[in-house]
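K.L.:
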Amino acid sequence: MVTIAELEIADEPQRWSALGFAVESDRCRIGAVALRFAGREAGRGLIRWHLRGLPSRDGDPGAEPALDGLPTAHAAPGDGGAHEPPAHPNGVVAIDHIVAISPDLDRTVARLQEAGLDLRRIREQPTPAGAPRQAFFRLGAELLEVVQEPQQIAARAGGSDRPAFFWGLALRCPDLDATVATFGENVGGIRDAVQPGRRIASVRRVAGLALPVALMTD
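Be aware that the sequence shown starts at 3, since it is given in the numbering used here, and climbs by one per residue.
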């Protein structure tokens, strides 16, 4: 199975430690996944993920994988989740899912399946934000949610030939009310999630993070 070893984020580690994440130098671990904070000068948002278990491309293990535009690297040998994750003071325990957006969902799904990612389902219903369809891939304990970009937005942005791109993260916390309390004014109100029986709250822009982040119940 293809799994996630590391996420590179174009952000400053101090912004995350200020929100109650246990950060050492430029890194923190959430569940089995390492987050490396590369600084704002490195790009925008989630700039790359490192995956375990990807097949080599054209027989070259060093070649960059082709995942329909999602910046990807092979995880180095030994990049595993063997380390015990730290206890984050804010109560976050794991990454629930990573969100990517595609102007052509069927094309992106096909490319990801060709690379060995495990498609679990395609949801043919709109999200509250207006995305008409979503595909869900299992990568170990975490999910990748690929959202179909609404047609009008895709047309304004240059059409459906554009590649997929990363958008944000959803993090799990057993006690959402307590976690939201630690974030204070940096998080919005708790509401029902799309997933039945779950609740969610979005980190506000005032928190200054480089990408959208949501907090969810288990």
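All C-beta atoms, glycine included, are put in the ideal place defined by N, C-alpha and C.
Pull up the distance between the alpha-carbon of Q150 and that of F167, whole angstroms please.
P.N.:
Counting from 1 along the sequence shown, the entry for residue 150 is found at position 148. Counting from 1 along the sequence shown, the entry for residue 167 is found at position 165. If I take the Cα positions, the gap works out to 11 Å.
K.L.:
Pairing CB atoms from the region 13-23 with CB atoms from the region 71-79, are three or more of them under 8 Å?
P.N.:
With a cut-off of 8 Å on Cβ pairs, the region 13-23 is not in contact with the region 71-79, counting fewer than three such pairs.
K.L.:
Output the boundary residues of the alpha helix (DSSP H) element that contains Q136.
P.N.:
Taking the sequence shown and counting its residues from 1, one reaches residue 136 at position 134. Here Q136 belongs to no alpha helix (DSSP H); instead the beta strand (DSSP E) covers Q136 to L141.
K.L.:
Given that a residue counts as buried once 16 or more other Cβ atoms are within 10 Å of its Cβ, and exposed if not, what is E26?
P.N.:
What you label residue 26 is simply residue 24 of the sequence shown in a count that begins at 1. Counting Cβ neighbours within 10 Å, E26 comes out exposed, since fewer than 16 surround it.
K.L.:
Taking V182 and A209 to be in contact with their CB atoms under 8 Å, please state how far apart those CB atoms are, rounded to whole angstroms.
P.N.:
Working through the sequence shown from its first residue, we reach residue 182 at position 180. Working through the sequence shown from its first residue, we reach residue 209 at position 207. Not really, about 12 Å apart at Cβ, beyond 8 Å.
K.L.:
Could you tell me the alpha carbon to alpha carbon distance between R158 and P87, rounded to whole angstroms?
P.N.:
In the sequence shown, residue 158 corresponds to position 156, counting from 1. In the sequence shown, residue 87 corresponds to position 85, counting from 1. About 42 Å.
K.L.:
At what residues does the beta strand (DSSP E) containing L211 begin and finish?
P.N.:
The residue labelled residue 211 in the question sits at position 209 within the sequence shown. Segment: none, L211 is in no beta strand (DSSP E) and carries neither H nor E.
K.L.:
Pick helix, strand or coil for S19, following the three-state DSSP scheme.
P.N.:
Position 17 of the sequence shown, counted from the start, is the residue given in the question as residue 19. Reduced to three states, the DSSP call for S19 is helix.
K.L.:
Compute the Euclidean distance between the alpha carbons of G161 and G71, then round it to the nearest angstrom.
P.N.:
Numbered from 1 along the sequence shown, position 159 holds the residue referred to as residue 161. Numbered from 1 along the sequence shown, position 69 holds the residue referred to as residue 71. Those two C-alpha atoms are separated by around 15 Å.
K.L.:
Look at the alpha carbon of I103 and the alpha carbon of W169, and state the distance between them as a whole number of angstroms.
P.N.:
Residue 103 sits at position 101 when you count from the first residue of the sequence shown. Residue 169 sits at position 167 when you count from the first residue of the sequence shown. Spanning the two alpha carbons is a distance of roughly 7 Å.
K.L.:
Near D177, what residues of its chain come up, given a Cβ to Cβ distance below 8 Å and the 5 sequence neighbours on each side ignored?
P.N.:
Position 175 of the sequence shown holds residue 177. Once the five neighbours on either side are set aside, the close Cβ partners of D177 are G93.
K.L.:
M218 bridges to which residues according to DSSP?
P.N.:
What you label residue 218 is simply residue 216 of the sequence shown in a count that begins at 1. In the DSSP output, where bridge partners are listed per residue, M218 has R174 and I202.
K.L.:
Let me check understanding here. Comparing Cα to Cα, which of I155, V148, A133 and R122 lies closest to R140?
P.N.:
Taking the sequence shown and counting its residues from 1, the one referred to as residue 140 is at position 138. Checked all of I155, V148, A133 and R122; the closest Cα to R140 is R122.
K.L.:
Locate the alpha helix (DSSP H) running through T129, then write down its first and last residues.
P.N.:
To locate residue 129, count along the sequence shown from 1; it is residue 127. First-last for T129: undefined, no H or E at that position.
K.L.:
Can you check whether the CB of R201 is closer than 9 Å to the CB of G33?
P.N.:
Taking the first residue of the sequence shown as position 1, residue 33 is located at position 31. Taking the first residue of the sequence shown as position 1, residue 201 is located at position 199. No; because the gap between Cβ atoms is not below 9 Å, this pair is not in contact.
K.L.:
Quick check on P198: buried or exposed, where buried means 16 or more other Cβ atoms within 10 Å of its Cβ?
P.N.:
Looking up residue 198 in the sequence shown gives position 196. By the neighbour-count rule (16 or more Cβ atoms within 10 Å), P198 is not buried but exposed.
K.L.:
Can you tell me whether M3 is buried or exposed, with buried defined as 16 or more other CB within 10 angstroms of its CB?
P.N.:
What you label residue 3 is simply residue 1 of the sequence shown in a count that begins at 1. So M3 counts as exposed.
K.L.:
When burial is assigned at 16 or more other CB atoms within 10 Å of the CB, is E126 buried or exposed?
P.N.:
Counting from one through the sequence shown, the residue named residue 126 turns up at place 124. Exposed, because fewer than 16 other Cβ atoms sit within 10 Å of the Cβ of E126.
K.L.:
CB-CB under 7 Å to G22, same chain, minus the five flanking residues each way: which ones, in chain order?
P.N.:
The residue you call residue 22 lines up with position 20 of the sequence shown. Around G22: H90, P91, N92 and T184.
K.L.:
Of all the options R135, R54 and S58, which has the alpha carbon lying nearest to the alpha carbon of T5?
P.N.:
Counting from one through the sequence shown, the residue named residue 5 turns up at place 3. Of the listed residues, the one whose Cα sits closest to T5 is R54.
K.L.:
So what's A75 in DSSP terms, helix, strand or just coil?
P.N.:
Your numbering for residue 75 matches position 73 in the sequence shown. Note: A75 maps to strand in three-state DSSP.
K.L.:
A172 and A216 - do their beta-carbons sit closer together than 9 Å?
P.N.:
Sequence index remark: in the sequence shown, residue 216 carries index 214 (1-based). Sequence index remark: in the sequence shown, residue 172 carries index 170 (1-based). In this structure, A172 lies closer than 9 Å to A216 by Cβ.
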